[in-house]
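Enquirer: Numbering (our numbering), first residue to last: 8 to 469.
1) What residue does the alpha helix (DSSP H) around residue 162 start on, and which one ends it?
2) Determine the DSSP secondary structure at residue 182, reduced to helix, strand or coil.
3) If we ignore side chains and look at the alpha-carbon of each, how far apart do residue 393 and residue 161 end up?
4) For residue 436 and residue 427, I'd like the C-alpha separation in whole angstroms.
5) Can you look up residue 97 in the DSSP assignment and give me helix, strand or coil?
6) If you follow the alpha helix (DSSP H) that residue 32 is part of, which residue opens it and which one closes it?
7) Where are the alpha helix (DSSP H) runs, 4 residues long or more, that stay fully inside the segment 63-89, in chain order?
8) Going by the CB atoms, is the gap between residue 375 and residue 21 shorter than 8 Å?
9) Per DSSP, what kind of secondary structure is residue 424 in: helix, strand or coil?
10) Would residue 320 be called buried (16 or more neighbouring beta carbons within 10 Å of its own) or exposed?
11) Determine the direct distance from the alpha carbon of residue 176 to that of residue 74, and round the result to whole angstroms.
12) Are there 16 or more other CB atoms within 10 angstroms of the CB of residue 406, so buried, or fewer, so exposed?
13) Can you tell me where the alpha helix (DSSP H) holding residue 312 begins and where it ends?
14) Looking only at C-alpha atoms, which of 9, 332 and 63 sits nearest to residue 39?
15) What is the DSSP secondary structure of residue 242, counted as helix, strand or coil?
16) Kindly list the residues whose CB is nearer than 6 Å to the CB of residue 295, restricted to its own chain and excluding five residues on each side of it in sequence; keep chain order.
17) Kindly list the residues whose CB is nearer than 7 Å to the CB of residue 151, restricted to its own chain and excluding five residues on each side of it in sequence; keep chain order.
18) Quick check on the DSSP output: the alpha helix (DSSP H) that includes residue 409 runs from which residue to which?
19) In this structure, how does DSSP classify residue 60 when only helix, strand and coil are distinguished?
20) Is it the case that the Cβ atoms of residue 384 and residue 343 are separated by a distance below 8 Å?
21) Tell me the DSSP secondary structure of residue 274 in three-state form.
22) CA-CA distance, residue 30 and residue 367?
23) Measure the C-alpha to C-alpha separation of residue 390 and residue 197 and round it to an integer number of angstroms.
24) Using alpha carbons as the reference points, say which of 286, 79, 258 and 462 lies closest to residue 95.
25) For residue 111 and residue 235, which I take to be in contact (beta-carbon distance under 8 Å), what is that distance rounded to the nearest angstrom?
26) Go through its chain and collect everything with a Cβ distance to residue 313's Cβ below 8 Å, but skip five positions before and after it.
27) Quick one: give me the first and last residue of the alpha helix (DSSP H) that residue 285 is part of.
28) Does DSSP classify residue 341 as helix, strand or coil?
29) Alpha carbons only, please: which of 109, 141 and 99 is nearest the one belonging to residue 125?
30) Nearest-angstrom Cα distance between residue 6 and residue 117?
31) Please say whether residue 212 and residue 459 have beta carbons closer to each other than 8 Å?
32) Once you ignore the five residues that flank residue 79 on each side, which residues in its own chain have a CB closer than 7 Å to its CB?
33) If you count every other CB in all the chains shown that lies within 10 Å of the CB of residue 229, and 16 or more means buried, which is it?
34) To the nearest angstrom, how far is it from the Cα of residue 43 to the Cα of residue 330?
35) Could you tell me if residue 105 is buried or exposed, where buried requires 16 or more neighbouring beta carbons within 10 angstroms of its beta carbon?
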């Protein structure tokens, strides 16, 4: 058999083998590395892989550890965990509920806005959904909300951390896409390509994030008009109205100032994401101190959780590096390029195909697993076909957010199921998520038809 064809067959089989092993429940990082090494030896036996290629791993691992952009990841995680421990979500929801309590659907709108604020301050989906589920769901049930609407609102709001900056997913995608874009442009003869940065991706995701918030709120207002009993008003007693504005200022202004300082410095070109992340980490610590939530025990817990989450992400990245080297050296890049280039519709057809593949994989794999496995083997071909790199990154983020929300396998639904009371059935959570999935698909369609929603702000700011 032709060695090139044999290598491509082995590469494709390895990809399917990794997915199969992950579905059986094996640890992701070790599955990626272990399966890849097995196929490397198979490729060595058939003469389509040279084991010396694995010597590049040491350089890659060192590169990840000293990459200035990726240093922002543990800093943003620290910021999010610290804000979570300072009970900012609980105070925000309580205050926003009072602010919008006199209107039908007001509590639901408050949940969406608080979810957006938490997304902009934590960037971690699982933590946001669990936090919102523990705080918001009991409050909405006491207020007489339809359980399905309550569950759908919480799940959708919690997934905003996937797309609203400073999402840790966007940081990794921005760093990866920047390198791929430069390589593709140089391979096409452009030795002075326009650079792509994490800041570009943050700016590109800003308007789509606000668009999703607006669509969610619009749906809740629609339910308030067409089905008032599903989201009743929660007016506050007269005696609690005194001093409400002072409470709102105390609850909202500090976190908003922190978010504005972090995102504003990045989008304004004043600071890099890493520098802004350090400001956010220090600011979150000061905020916890001012609220008298910081102690040595809390600080130790925050640092430990930050280390655990960061280690989990990077060990997956290391395993994915082994996979990428073996897959590419056996001709997997050519296989993917030929497959996507043959799709009807040119670049858009290839883009839709990749989006569908990622959407389906979102049912069984975590976001980081998908971007570390699928992005390196599909993005170069899409970029070579002329897809805008910033638009590509944001579309993948929104697509995976939708996958996280889709029954029956959406991760966001599992997070809420884990903290919801027994009175909330799994089917209620599924049925509540369906309208928001349709809203997500509407948002994706709008971003497909109007790519300027993503590309306009980066072009203006940078």
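For every residue, glycine included, the Cβ atom is placed at its ideal position computed from N, Cα and C.
Since the model is a prediction, treat every value here as computed from it, not as a measurement.
Expert: Once the coordinates are examined:
1) 154-165
2) helix
3) The alpha-carbon of residue 393 is positioned some 37 Å away from that of residue 161.
4) 9 Å
5) In this structure, residue 97 counts as helix in the three-state DSSP scheme.
6) Note, residue 32: premise wrong, no alpha helix (DSSP H); not H, not E.
7) 63-73
8) Taking 8 Å as the Cβ cut-off, residue 21 and residue 375 do not qualify as a contacting pair.
9) helix
10) buried
11) 16 Å
12) buried
13) 303-336
14) 332
15) coil
16) Around residue 295: 89, 93 and 301.
17) 239
18) 396-412
19) helix
20) yes
21) helix
22) 13 Å
23) 13 Å
24) 258
25) 5 Å
26) Within the same chain, residue 313 has close Cβ partners 81, 84, 85 and 88.
27) Looking at the DSSP string, the run of the alpha helix (DSSP H) that includes residue 285 is 280-297.
28) Residue state, collapsed to three classes: helix.
29) Considering only alpha carbons, the answer is 99.
30) Examination of residue 6 is not possible in this model, given that the chain is present from 8 through 469 alone.
31) no
32) 178, 280, 281 and 284
33) The residue in question, residue 229, is exposed, as its Cβ has fewer than 16 Cβ neighbours within 10 Å.
34) 5 Å
35) buried
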